[in-house]
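In what follows, a single structure is set out as structure tokens and then discussed.
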Amino acid sequence: MCIYGGTTCAVIASNNPEVVVTVVDLNAERIKAWSSDELPIYEPGLLHLVKKARDGARRNLFFSKSISSAIIEADLIFMCVNTPTKQTGPGAGQALELDYLEGAIRRIAEVAQNDKIIVEKSTVPCRTAETIREILDTTGRPGVKFSVLSNPEFLAAGTAIADLLQPDRVLIGCSKTPDGYSAAGALADVYAAWMPRDRIITINLFSAELTKLAANALLAQRISSINSLSAICEATGADIEEVTYACGLDSRIGPSMFKASVGFGGSCFKKDILSLCYISEFLGLAEVSAYWKSVIDINEYQKDKFTSRIVSCLGNTVTKKKLAVLGFTFKKDTDDTRESAAISVVSRLVAEGAHVSIYDPCAKTDQIWRDIGTYVTVCESAYEACMNAQAVIILTEWDEFNNRVTTDAQRSSDRLRGPQPGFVNLIRSKLDWPLVADIMCPPKYVFDGRNVVDAGKLEELGFRVECVGKPS
Ligand code: UGA
Numbered sequence: 000m001c002i003y004g005g006t007t008c009a010v011i012a013s014n015n016p017e018v019v020v021t022v023v024d025l026n027a028e029r030i031k032a033w034s035s036d037e038l039p040i041y042e043p044g045l046l047h048l049v050k051k052a053r054d055g056a057r058r059n060l061f062f063s064k065s066i067s068s069a070i071i072e073a074d075l076i077f078m079c080v081n082t083p084t085k086q087t088g089p090g091a092g093q094a095l096e097l098d099y100l101e102g103a104i105r106r107i108a109e110v111a112q113n114d115k116i117i118v119e120k121s122t123v124p125c126r127t128a129e130t131i132r133e134i135l136d137t138t139g140r141p142g143v144k145f146s147v148l149s150n151p152e153f154l155a156a157g158t159a160i161a162d163l164l165q166p167d168r169v170l171i172g173c174s175k176t177p178d179g180y181s182a183a184g185a186l187a188d189v190y191a192a193w194m195p196r197d198r199i200i201t202i203n204l205f206s207a208e209l210t211k212l213a214a215n216a217l218l219a220q221r222i223s224s225i226n227s228l229s230a231i232c233e234a235t236g237a238d239i240e241e242v243t244y245a246c247g248l249d250s251r252i253g254p255s256m257f258k259a260s261v262g263f264g265g266s267c268f269k270k271d272i273l274s275l276c277y278i279s280e281f282l283g284l285a286e287v288s289a290y291w292k293s294v295i296d297i298n299e300y301q302k303d304k305f306t307s308r309i310v311s312c313l314g315n316t317v318t319k320k321k322l323a324v325l326g327f328t329f330k331k332d333t334d335d336t337r338e339s340a341a342i343s344v345v346s347r348l349v350a351e352g353a354h355v356s357i358y359d360p361c362a363k364t365d366q367i368w369r370d371i372g373t374y375v376t377v378c379e380s381a382y383e384a385c386m387n388a389q390a391v392i393i394l395t396e397w398d399e400f401n402n403r404v405t406t407d408a409q410r411s412s413d414r415l416r417g418p419q420p421g422f423v424n425l426i427r428s429k430l431d432w433p434l435v436a437d438i439m440c441p442p443k444y445v446f447d448g449r450n451v452v453d454a455g456k457l458e459e460l461g462f463r464v465e466c467v468g469k470p471s
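Under numbering that gives the first Met the number 0, think of the first position of the sequence shown as 0, with each following residue one higher.
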């Protein structure tokens with residue numbers, strides 16, 4: 000099960016009290032965690048929601064290792080297995096690994112005793128539903144009928160619950176047959192428990208599969224586009240925040256997913272674009288593949304450029320210099336570090352001989368060490384990380400790092416966030432920047448990879464501030 004499968008199921012269960020939802024996984028440890036108060040992921044509001052459906056008076060959310068019996072009992076099965084990038088064989092480094100998905104489908108074919116609706120939630124290449132149907136039709140028991148739907152997930156880490164409760168749309172891909180429409184109708188009923196019907200869209204099966212890859216590619220492309228412009232800003236004296244604000248006011252462009260940064264991360268954008276590149280190449284569309292690959296190339300360039308700026312500002316060498324890194328996760332409000340920009344930036348600084356101390360409110364120390372090795376110090380507090388450091392490097396936009404006025408939206412997000420057992424209590428106060436100034440060593444640089452600080456205010460405290468897309 001992909002870690003967000005449990006989140007989706009918790010939302011479905013809490014909105015459909017009459018439906019029994021059983022979440023199964025081959026990984027017994029993960030099921031144990033989902034059954035406890037220390038969930039396997041940190042997601043604001045998730046524990047509260049899980050506890051309500053799992054432990055409340057009208058329990059209808061169950062976590063189990065008994066995969067076969069859960070399959071036998073289910074009418075509708077969501078396939079939420081991981082589809083990471085392939086590491087070996089044809090398409091290695093680009094194509095999606097469908098091994099786990101295929102294993103799960105074969106298991107369903109083997110044990111299902113009555114008709115089932117199979118819902119593809121995992122991100123898959125276009126036309127995977129056809130392969131799934133072939134496996135089910137050729138290996139399933141005679142007389143058992145399977146309907147395959149595509150129902151891609153659009154939730155983002157850190158806002159998963161809100162994204163599930165108020166999505167822009169729910170997409171259901173089905174084959175254009177009476178059976179297909181009837182299966183799509185059954186799935187639509189599950190969502191209609193909390194969503195207006197007009198936001199539940201039914202389209203062709205393969206269009207739905209491609210939409211998932213396309214949506215992520217387009218979102219990542221916006222970030223790479225704005226990041227490429229940030230480089231021009233740094234060289235000319237234009238300010239990327241002013242440029243994005245002014246461009247975003249054009250309703251055809253819009254303001255969201257448009258913030259320049261040290262580079263995008265996470266388990267989805269890079270993986271899904273690489274998959275799109277692979278599909279394009281497979282179809283003989285080399286130019287299309289090169290076009291999407293450039294979105295990833297700009298992202299790599301952005302991370303590298305940010306790191307080079309740090310080295311250059313610090314006199315072209317960071318050897319033996321203490322540098323404090325604030326934030327390691329790929330975005331705020333998650334404990335996920337996969338493909339985080341911090342991994343690239345810190346790895347290069349360490350390779351250049353810097354002594355790096357890292358503080359992140361949510362990332363686990365073991366995970367940071369797995370990501371970049373034990374050459375770095377992982378700190379319990381931002382102050383410990385900043386003590387005697389020559390520079391502070393902000394790599395995740397956690398609210399506590401900014402020195403701007405706290406908005407109502409932030410306050411309510413803070414309330415939603417914590418505390419969750421097993422994770423550090425996330426309701427914490429803003430960083431005391433005057434104190435940070437006192438405990439650091441000259442030249443007291445702040446490299447803001449997320450443009451979260453008010454540079455003017457920090458400069459008044461004696462910091463030298465470098466932001467993305469703004470001249471030095
Ligand atoms: C992304 C998509 O936004 C979801 O719609 C999708 O469902 C999900 O992938 C998925 O396929 O599972 P996610 O990767 O969780 O969600 O997070 P995003 O909010 O998209 O952020 C991705 C990266 O882009 C982060 O590193 C973030 O800091 C960065 N970012 C985001 C920017 O640099 N600038 C922005 O304006 C927005």
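Heads up, the beta-carbon is just placed ideally off N, CA and C, and yes, glycines get one too.
Nearest-angstrom Cα separation, counted from residue j out to residue i
| i | j | result |
| --- | --- | --- |
| LEU228 | ALA103 | 44 Å |
| ALA155 | SER121 | 14 Å |
| THR87 | LEU95 | 11 Å |
| LYS456 | VAL445 | 12 Å |
| ILE472 | VAL110 | Within the shown structure, residues of the chain are numbered from 0 to 471, placing residue 472 beyond reach of any answer. |
| GLY5 | TRP33 | 8 Å |
| ILE202 | GLY179 | 11 Å |
| GLN389 | CYS79 | 45 Å |
| ILE199 | ILE438 | 54 Å |
| GLY326 | LEU209 | 33 Å |
| ALA219 | TRP368 | 27 Å |
| SER279 | PHE205 | 15 Å |
| ALA237 | ILE231 | 8 Å |
| TYR277 | VAL435 | 47 Å |
| PRO441 | HIS354 | 16 Å |
| LYS330 | SER266 | 11 Å |
| MET194 | ILE295 | 35 Å |
| VAL10 | THR235 | 48 Å |
| VAL404 | ASP447 | 17 Å |
| GLU458 | LYS321 | 20 Å |
| SER181 | PRO470 | 58 Å |
| ARG140 | ASP188 | 28 Å |
Residue j beta carbon less than 7 Å from that of residue i
| i | j | result |
| --- | --- | --- |
| LYS443 | GLU399 | no |
| ALA341 | ALA384 | no |
| SER149 | ALA207 | yes |
| GLY468 | ILE239 | yes |
| VAL452 | ASN387 | no |
| ILE66 | GLN112 | no |
Where residue i sits in the DSSP three-state scheme
| i | result |
| --- | --- |
| GLY417 | No answer about GLY417 holds up, because its pLDDT of 49 lies below 50 and its placement is not dependable. |
| GLY172 | strand |
| TYR374 | coil |
| ALA388 | coil |
| ASP36 | coil |
| ARG126 | coil |
| VAL467 | coil |
| ASN203 | strand |
| VAL344 | helix |
| ILE252 | coil |
| THR306 | helix |
| LEU273 | helix |
| PHE462 | coil |
| PHE268 | helix |
| LYS115 | strand |
| ALA323 | strand |
| LEU217 | helix |
| TYR358 | strand |
Assumed close pair residue i, residue j - CB separation to whole angstroms, cut-off 8 Å
| i | j | result |
| --- | --- | --- |
| ALA159 | GLU338 | Between GLU338 and ALA159 the Cβ distance is about 18 Å, and since that is not below 8 Å, they are no contact. |
| THR328 | THR395 | 5 Å |
- Message: I want to know whether the segment 73 to 83 touches the segment 109 to 123 - three or more CB-CB distances under 8 Å.
- Response: Three or more Cβ pairs closer than 8 Å define a contact, and the segment 73 to 83 meets that threshold against the segment 109 to 123.
- Spell out a yes or no on whether the segment 215 to 231 and the segment 256 to 267 are touching, meaning 3 or more CB-CB pairs, one atom from each, closer than 8 Å. yes
- Message: Below 8 Å, how does it come out for the segment 16 to 31 and the segment 52 to 59: are there three or more Cβ pairs, yes or no?
- Response: yes
- Message: Check whether the segment 372 to 382 and the segment 342 to 353 touch, using three or more Cβ-Cβ pairs below 8 Å as the test.
- Response: yes
- Query: Taking contact to mean at least 3 C-beta pairs separated by less than 8 Å, is the segment 329 to 337 in contact with the segment 358 to 367?
  - Reply: yes
- Query: Counting Cβ pairs, one atom from each stretch, are 3 or more of them under 8 Å apart for the segment 165 to 175 and the segment 136 to 152?
  - Reply: yes
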